[in-house]
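Notes for the one structure printed next.
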Amino acid sequence: MSAHPMNTHRTVVVGVDGSEDSLRAVRWGADEAARRSVPLRLVHAFDRTAEHVVGLPALGEQDRDILLEQARRLLTEAAAVAETAFPGLEVQAQLVVGYPIPVLADESGRAQLVVLGSAGRGRFLELLAGSVASGLAAHGRCPVVVVRGAEKDRSAPVVVGIDGTPASEAAIAFAFETASVRHAPLVAVHAWQTPLVGTVPPDPAVVTAAEGVAHEILAERLAGWTEKYPDVHVRRAVVDDRPAPLLVREARGAQLLVVGSRAHGRLAGAFLGSVGHALVHRAPCPVAVVRPESGA
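Just add 752 to wherever you are in the sequence shown, counting from 1, and you've got our numbering.
This is how it looks when you write it as structure tokens:
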């Protein structure tokens, strides 16, 4: 691990817990750091309250020292994984005493990107990891990536969900930047739904008009971005469907799915958003959640 001082605003941070999913996140984060030519920062949050949550008796200082040493070993092993995969990459490691969500939320204020695995070790830790992923995606001050699914071919597209809100504007910025960095095509997806009034079949003219509006929304949101990133090939998908199932389908062949989060202020602690929450837990590929103030 490098001892060089880090540029605090130019790192990719990965949360490390020792699980296989966590190590997959380390590899994904190391790849992204190498692509962006920035340091990789590995962080393990050592939560002492977990000693009691998992059913352990009260521990003495010697026992806690043993657990701390195990935590340091997890970081060392994770750093070795990153350094082996990407020789020459600057890798930093930090053990922080505290609960994962606030620790990683604090780290997100000094990072380009925070990366997490989607599950921990054992059923309890899988649930805990899921709550950390959702919580950090709502609280994070930079884009948060939850690594899911099998590794995709490097030529696979980046998919971005666009709904016409400021949240999707930040997601669009991050998606174009990432597609450019990864030399990948971009699929811009906008979901719309047929206007219905009770059980009356919709007027075809109304349906056509609604679809036209959906195409206009997508065109307006993409305006300027294709000029800014001429190297990124964009495919547009305007589909009559609900956002979550549509994005899950589009993500099956993607290397990354990017969505915006509407959570902000006090609401950020309460929910991630139904679409974002569903994708963090169900998407077949890594998911990047971008809040309006955390866009590229």
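C-beta: ideal position from N, C-alpha, C; glycine also.
This one's a predicted model, so the numbers in the text were calculated from it and none came from an experiment.
Closest by C-alpha distance to Leu938, out of Val1010, Val896 and Val1032, is Val1010. A direct Cα-Cα distance of roughly 47 angstroms separates Trp780 from Pro953. Of the other Cβ atoms in all chains shown, 16 or more fall within 10 Å of the Cβ of Glu1002; this residue is therefore buried. Between the alpha carbons of Gln1007 and Pro1038 lies a distance of about 7 angstroms. Taking the Cα positions, Ala797 is about 25 angstroms away from Ser789. Residue pairing by DSSP puts His942 in a beta bridge opposite Val990. Shown here, His796 sits in a strand according to DSSP, grouped into three states. Residue burial annotation: Glu821 is exposed, with fewer than 16 other C-beta atoms found within 10 angstroms of its C-beta. Taking all protein chains in view, the Cβ of Val965 is surrounded by fewer than 16 other Cβ atoms within 10 Å, so the residue is classified as exposed. Annotation: the continuous beta strand (DSSP E) that includes Val1042 extends over Val1039 to Val1042. Exclusion of the five residues before and after Ala782 leaves Leu792, Ala834, Ala837, Phe838 and Leu841 as the residues of its chain whose Cβ lies within less than 7 angstroms of its Cβ.
Gly767 sits in a strand when the DSSP states are folded into three classes. By a beta-carbon distance limit of 8 angstroms, His891 contacts Ile853. Their separation comes to about 6 angstroms.
Nearest Cα to Leu868 within the set Gly887, Pro997 and Thr978: Gly887. Here the alpha carbons of Pro956 and Phe928 stand approximately 35 angstroms from one another. For Gly913, no alpha helix (DSSP H) segment is defined; the enclosing uninterrupted segment is the beta strand (DSSP E) at Val910 to Gly913.
Spatial neighbours of Val958 in its own chain (CB-CB distance under 7 angstroms, excluding positions within 5 residues in sequence) are listed in chain order as Pro947. Remark: C-beta atoms of Pro895 and Val1041 approach each other more closely than 8 angstroms. With 16 or more other CB atoms across the displayed protein chains lying within 10 angstroms of its CB, Val912 is buried. The beta carbons of Ala936 and Val910 sit closer together than 8 angstroms. Burial is judged here by how many other beta carbons sit within 10 angstroms of a residue's own beta carbon; Thr763 has at least 16 and is buried.
One alpha carbon belongs to Pro918, the other to Arg776, and they sit about 31 angstroms apart. Sequence-distant Cβ neighbours of Gly850 in its own chain, meaning closer than 6 angstroms and more than five residues away, are Ala797.
Between the C-alpha atoms of Asp773 and Glu829 there is a straight-line separation of about 14 angstroms.
Val991 has its alpha-carbon roughly 24 angstroms from the corresponding atom of Ser907. Cβ atoms of Ala871 and Leu847 stay farther apart than 8 angstroms, at about 21 angstroms. Ranked by how close their Cα comes to the Cα of Ala931, the residues Asp983, Glu921, Glu979 and Val778 have Asp983 in first place. His985 counts as exposed, since fewer than 16 other beta carbons sit within 10 angstroms of its beta carbon. Under the three-state reduction of DSSP output, Gln822 falls in the helix class. Excluding five sequence positions before and after Pro995, the CB atoms of its chain that fall closer than 8 angstroms to its own CB belong to Gly913, Asp915, Ala943 and Val1027, given in chain order. Check the Cα spacing between Gly861 and each of Ala975, Val765, Arg1034 and Ala1035: the tightest is with Val765.
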